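Everything on this sheet refers to the single structure shown next.
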Amino acid sequence: MISMLDLPAQYRRLKPELDAAIQRVLESGQFVLGEEVASFESEFAAYCGSRFAVAVNSGTSALHLALLAIGVGPGDEVITVPLTFVATVAAILYTGAKPVLVDVTPATLTLDPDQFEKAVTPRTKAVVPVHLYGQPADMEPILDIACRRHVTVVEDAAHAHGARYRGQAVGSIGELTCFSFYPGKILGAYGEGGCVTTNNPDIVHKLRLLRDWGCERRYHHELRGYNYRMDALQAAVLRVKLRHLDAEIQRRRENATQYRCLLAGTRARMCTPAEDRSHVYHVFGIHAPRRNDLQRQLAERGIQTSIHYPVPIHLQPAYSDLGYKIDDFPEAKRAAGEELSLPIHPELTSSQVEMIAESVKRHLSLVR
Ligand SMILES: *Cc1c(COP(=O)(O)O)cnc(C)c1O
Numbered sequence: 199m200i201s202m203l204d205l206p207a208q209y210r211r212l213k214p215e216l217d218a219a220i221q222r223v224l225e226s227g228q229f230v231l232g233e234e235v236a237s238f239e240s241e242f243a244a245y246c247g248s249r250f251a252v253a254v255n256s257g258t259s260a261l262h263l264a265l266l267a268i269g270v271g272p273g274d275e276v277i278t279v280p281l282t283f284v285a286t287v288a289a290i291l292y293t294g295a296k297p298v299l300v301d302v303t304p305a306t307l308t309l310d311p312d313q314f315e316k317a318v319t320p321r322t323k324a325v326v327p328v329h330l331y332g333q334p335a336d337m338e339p340i341l342d343i344a345c346r347r348h349v350t351v352v353e354d355a356a357h358a359h360g361a362r363y364r365g366q367a368v369g370s371i372g373e374l375t376c377f378s379f380y381p382g383k384i385l386g387a388y389g390e391g392g393c394v395t396t397n398n399p400d401i402v403h404k405l406r407l408l409r410d411w412g413c414e415r416r417y418h419h420e421l422r423g424y425n426y427r428m429d430a431l432q433a434a435v436l437r438v439k440l441r442h443l444d445a446e447i448q449r450r451r452e453n454a455t456q457y458r459c460l461l462a463g464t465r466a467r468m469c470t471p472a473e474d475r476s477h478v479y480h481v482f483g484i485h486a487p488r489r490n491d492l493q494r495q496l497a498e499r500g501i502q503t504s505i506h507y508p509v510p511i512h513l514q515p516a517y518s519d520l521g522y523k524i525d526d527f528p529e530a531k532r533a534a535g536e537e538l539s540l541p542i543h544p545e546l547t548s549s550q551v552e553m554i555a556e557s558v559k560r561h562l563s564l565v566r
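Going by our numbering, the first residue of the sequence shown is number 199, and it counts up by one from there.
Next up, the structure:
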């Protein structure tokens, strides 16, 4: 069985360091925020080339607080894409603002800058580009439009730890960047986690208040806040994994290169990474004819795959009241119908990649 993720193998590889880190937290008696979380925040900020990181209890909380910290609320509009995990849109709704969806560009499946500009109204407060699959959105035109139209850019980088756009690390590009440390993400905790990076000290102050009940001093509440604090155990695990992140991203890239070579010239279409961006391959997606049959056949051969995402947000029953129609976002809809994510995680061996590629080719009937 080849799975989409092999966290037990990663644990075996990093066991001495992880066990020591967990032990250190147990012995400290400090389980929420504290020094371990503060150390993770400065290490992660340094990794992203950003001045600050504020750690929270999930990527969803990171998006929610980032939007609140820039003053998004009822009556405002926030622009994002339909081809994303539901949390991107849910976090906008948590603030009371209205999500306004625009389609993705076919080449990278990220926010289309032209459509973003057309969707801006006097009520638009923020735009949330999603660095889908681990490839940054086209940030230069997005930042340029946002600046001209007085819109704040809040990046959803839940897939994109370590990615770069024109040499600049994700986390130091726009004004606020939100990360998830859900176990399956590129940098994953042993439970839930997330953070916001920014260079703006006023925003940091607000984020720190909001994640901990709006307290400046304990039991004195300046703002109506939340219990969105990060656990010390998660921070300790993340500090260990952060030290290995670049090597793991390198393994993901090698796997991607191998897939590209093996599947070149077949009917499996692969997104070409844009030249000005570095992709970290949280997801390696192919677009294949008869995708669902391919997924079934791979499963029969013991190869687990997944789909990111089978139903775009505007077609989800829970969000039907946003009022979109089935054909409003043709690129997102097409991707949802054709995409298949192959295993790409760092523990995968090159013979496993070969076996998966061979199985894909067999389905495409290019191999007898
Ligand atoms: C995982 C994810 C989130 C939410 O992160 P959680 O830590 O699960 O709350 C947000 N956006 C995208 C694109 C994601 O993949």
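Where a beta carbon is used, it is the ideal one built from N, C-alpha and C, also for glycine. This structure is a prediction, so every number in the text was calculated from the model and none was measured.
Item	Value
CB of L492 within 7 Å of CB of A555, strictly	no
Residues near E390 in its chain [Cβ-Cβ closer than 7 Å; skip 5 each side]	N255, S256 and Y380
The region 522 to 529 in contact with the region 258 to 271 per 3-pair CB rule at 8 Å	no
Whole-angstrom distance between T396 and R249, CA atom to CA atom	6 Å
Chain C contact for G382 (CB, 7 Å cutoff)	Within the model displayed, chain C is absent; a lone protein chain is all it includes.
Boundaries of the alpha helix (DSSP H) in which D312 is found, first to last residue	P311 to A317
Alpha-carbon to alpha-carbon, S548 and V298	42 Å
Beta-carbon contacts of E275 that lie in its chain and below 7 Å, excluding the five residues immediately before and after	A295, K296, V298, T319, R321, T322 and K323
Three-way DSSP call (helix, strand, coil) for L421 in this model	coil
Where E242 falls: helix, strand or coil (DSSP)	Reading off the sequence, residue 242 comes out as Phe, not Glu. If DSSP states are grouped into helix, strand and coil, F242 belongs with the helices.
The region 346 to 359 in contact with the region 399 to 408 per 3-pair CB rule at 8 Å	no
Uninterrupted beta strand (DSSP E) stretches inside the region 466 to 550 (no shorter than 3 residues)	482 to 485 and 537 to 540
Local conformation of Y363 per DSSP, three classes	strand
Inter-residue spacing [alpha-carbon to alpha-carbon] between H348 and D312	16 Å
Beta-carbon contacts of L546 that lie in its chain and below 7 Å, excluding the five residues immediately before and after	N453
Where T322 sits in the DSSP three-state scheme	strand
Limits of the unbroken beta strand (DSSP E) element including K404	Taken as a continuous stretch (DSSP letters only), K404 belongs to no beta strand (DSSP E), being part of the alpha helix (DSSP H) at P399 to R409.
Reduced DSSP secondary structure (H/G/I, E/B, other) of P297	strand
Cβ-based burial, R475 [other Cβ within 10 Å; buried from 16]	buried
Sub-7 Å separation of P471 and Q333 beta-carbons	yes
Residue environment, L408, which counts as buried when at least 16 other CB atoms sit within 10 Å	buried
Residues that DSSP places opposite S378 in a beta bridge	G392
Contact test: Y424 Cβ vs ligand 1 heavy atom, cutoff 6 Å	no
Cβ contact (3+ pairs, closer than 8 Å) linking the region 235 to 253 and the region 205 to 222	no
Alpha carbon of E215 to alpha carbon of Q366, nearest angstrom	30 Å
Three-way DSSP call (helix, strand, coil) for D204 in this model	coil
Contact test: Y380 Cβ vs ligand 1 heavy atom, cutoff 6 Å	yes
In chain order, each beta strand (DSSP E) run of at least 3 residues that lies wholly inside the region 251 to 295	275 to 278
Reduced DSSP category for V565 - H, G, I as helix; E, B as strand; rest coil	Reliability fails at V565, whose pLDDT of 45 lies under 50, so the model's placement of it is uncertain and no value is given.
Helix, strand or coil at V368 according to DSSP, with G and I counted as helix	coil
Near ligand 1: A530 beta-carbon under 6 Å from a heavy atom	no
Alpha-carbon spacing of Q432 relative to R488, whole angstroms	40 Å
Local Cβ density within 10 Å of S563, reported as buried at 16 or more and exposed below that	exposed
Exposure label - L309; buried when at least 16 CB within 10 Å	buried
Inter-residue spacing [alpha-carbon to alpha-carbon] between A445 and R451	10 Å
beta-carbon V270 near ligand 1 non-hydrogen atom, thresh 6 Å	no
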